[in-house]
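Peer 1:
Number of protein chains: 2
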Amino acid sequence: MLRISKLTDYATVVLAVLAEDAAAPHSAAQLADATHIALPTVSKVLKALQRGGLVASTRGARGGYQLARPAANISAVDVIDAMEGPVGLTECVTHPGSCDLEATCRSGDAWQRVNLAIRRALQDVTLLELTGRTTTGEARAVTAGQTAAEFAAALRAGTLRARTIEGGVQ
Amino acid sequence: MLRISKLTDYATVVLAVLAEDAAAPHSAAQLADATHIALPTVSKVLKALQRGGLVASTRGARGGYQLARPAANISAVDVIDAMEGPVGLTECVTHPGSCDLEATCRSGDAWQRVNLAIRRALQDVTLLELTGRTTTGEARAVTAGQTAAEFAAALRAGTLRARTIEGGVQ
DNA sequence: GCTAACAGGACTAAACTAGTCCTGTATTTT
DNA sequence: AAAATACAGGACTAGTTTAGTCCTGTTAGC
């Protein structure tokens, strides 16, 4: 289900490196080296992040890229929006009128609500958490009875460990 | 950002019709007629839903499709999983080892957590809500300060209206 | 003025999506 | 038994998207 593009994934890896040493600018070549992603690709990612306002660039010799603001103020939504554009879950979210079914379709509203729910969830995950440096909490099993609200709180607190996902939630 | 496929969207429209009259089986042709989606496409969608266990089929004359269980017990995740497979947000969620960066990449964990957060959010939206029949609540503006937890509660209660999304959450 | 480094866009190959169609099988009706 | 209805499964095509590369221009430092 629901996939983010590979480039978006790369973006978080690159941003993680930038977050680690936020003081100095890093050239695309340096970042390519640090992340083991091909230079042209890193370059493409950085340009998108720059346009999205997540990194600041300085040209010329000794130039490079830096985070535009503290890692704690950059959320997963920001990264996805910068890399993939503010596209919605369905066509009708972003381009009303483009779907022939709008008259008969009664589920459009709902997808928009789901869309918002997802954005909210993504907004609560900061780059700081994406880099893994705040996940020091105890591993905690996800029980079937846990509500979304509890989960969101746990996610924010960093008490969930990834491996509990495997095999699916259902 | 994050898109569901058109077919998944169709699936909810088709399921909505099935939910409306859960007693009798509906043929693919009937459903195509009711939804204004082309027959071969409806057919494809229904086959996927059948494999996913969301609808039950009966062959032969007077056969057709019915919901396999009450609409309240079918969530958005179920629909997405049935239509698009249990693919994760990133490659490494579903196919560990397929990514060259796993050694250096420290954000994999986090995407998996985000993935889980999204699954949770989607799990709390039932087909009943997707059909729009439970969204009778008062429209309510989404303020910037609203937490994910509050949002999830509001979503469940159906007090959020879709149009509040437009222009983005940020 | 030479070199380092970003900016912007063009381009290609591969993968995925949407949509259609065909052949087969099960069930009911006549 | 035959005919009609309806699902099952898979093959196939066209179009779009994604990933990745490359080239040309511009800006800043030494």
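Quick mapping for you: the protein sequence lines, in order, are chains X and V.
Sequential numbering of the first sequence, starting at 16, is according to my numbering.
Sequential numbering of the second sequence, starting at 16, is according to my numbering.
Note that the Cβ used here is the ideal one computed from N, Cα and C, for glycine as well.
In this text the structure is predicted, and so the values were computed from the model without any measurement.
Could I get the ranges of all uninterrupted beta strand (DSSP E) runs contained in the region 38 to 75 of chain X, with 3 residues as the minimum, in chain order?
Peer 2: Correct list: 70 to 73.
Peer 1: Only counting the same chain, and skipping five residues up and downstream in sequence, which positions put a Cβ closer than 6 Å to that of X/Gln65?
Peer 2: Locating residue 65 of chain X in the first sequence gives position 50, where the first residue counts as 1. For X/Gln65, where only same-chain residues beyond five positions count, the Cβ hits under 6 Å are Ser72.
Peer 1: The beta strand (DSSP E) that contains V/Leu82, what's its start and end?
Peer 2: For the purposes of this step, residue 82 of chain V is identified with residue 67 of the second sequence, where counting begins at 1. That run of the beta strand (DSSP E) goes Gly79 to Leu82.
Peer 1: Run through chain X and tell me which residues come within less than 9 Å of V/Leu82, C-beta to C-beta.
Peer 2: In the second sequence, counting from the first residue as 1, residue 82 of chain V sits at position 67. Near V/Leu82 there are no residues of chain X at all, since even the closest Cβ is about 15 Å away, more than 9 Å.
Peer 1: Do X/Val92 and V/Val140 count as a contact pair if the criterion is CB distance below 7 Å?
Peer 2: For this step, residue 140 of chain V is matched to residue 125 along the second sequence. For this step, residue 92 of chain X is matched to residue 77 along the first sequence. No, the pair does not count as a contact, with Cβ atoms beyond the cut-off.
Peer 1: Let me know if X/Gly78 comes out buried or exposed under the rule of 16 or more other beta-carbons within 10 Å of its beta-carbon.
Peer 2: Working through the first sequence from its first residue, we reach residue 78 of chain X at position 63. Label assigned to X/Gly78: exposed.
Peer 1: What's the call for V/Ala39, buried or exposed, on a 16-neighbour Cβ count within 10 Å?
Peer 2: Position 24 of the second sequence, counted from the first residue, corresponds to residue 39 of chain V. V/Ala39 should be labelled exposed.
Peer 1: Specify, as a first and last residue, the run of the alpha helix (DSSP H) that X/Thr27 falls within.
Peer 2: The residue you call residue 27 of chain X lines up with position 12 of the first sequence. Element bounds for X/Thr27: Lys21 to Glu35.
Peer 1: When you check each C-beta in the region 59 to 78 of chain V against every C-beta of chain X, which residues fall closer than 8 Å?
Peer 2: Going along the region 59 to 78 of chain V in chain order, one finds no residue with a Cβ nearer than 8 Å to chain X.
Peer 1: Return the CA-CA distance between X/Gln45 and X/Ala83, expressed in angstroms with no decimal places.
Peer 2: By 1-based counting over the first sequence, the position of residue 45 of chain X is 30. By 1-based counting over the first sequence, the position of residue 83 of chain X is 68. Those two C-alpha atoms are separated by around 18 Å.
Peer 1: Can you tell me whether V/Arg135 is buried or exposed? The criterion is at least 16 other CB atoms within 10 Å of its CB, across all chains shown.
Peer 2: Here residue 135 of chain V corresponds to residue number 120 of the second sequence, with the count starting at 1. V/Arg135 is buried by the Cβ-count criterion.
Peer 1: With a CB to CB cut of under 8 Å and the five nearest residues on each side skipped, what residues in its chain are close to V/Pro85?
Peer 2: Working through the second sequence from its first residue, we reach residue 85 of chain V at position 70. Answer for V/Pro85: Ala37, listed in chain order.
Peer 1: With which residues is V/Thr141 paired in a DSSP beta bridge?
Peer 2: Here residue 141 of chain V is taken as the residue at index 126 of the second sequence, counted from 1. In the DSSP output, where bridge partners are listed per residue, V/Thr141 has V/Ser90.
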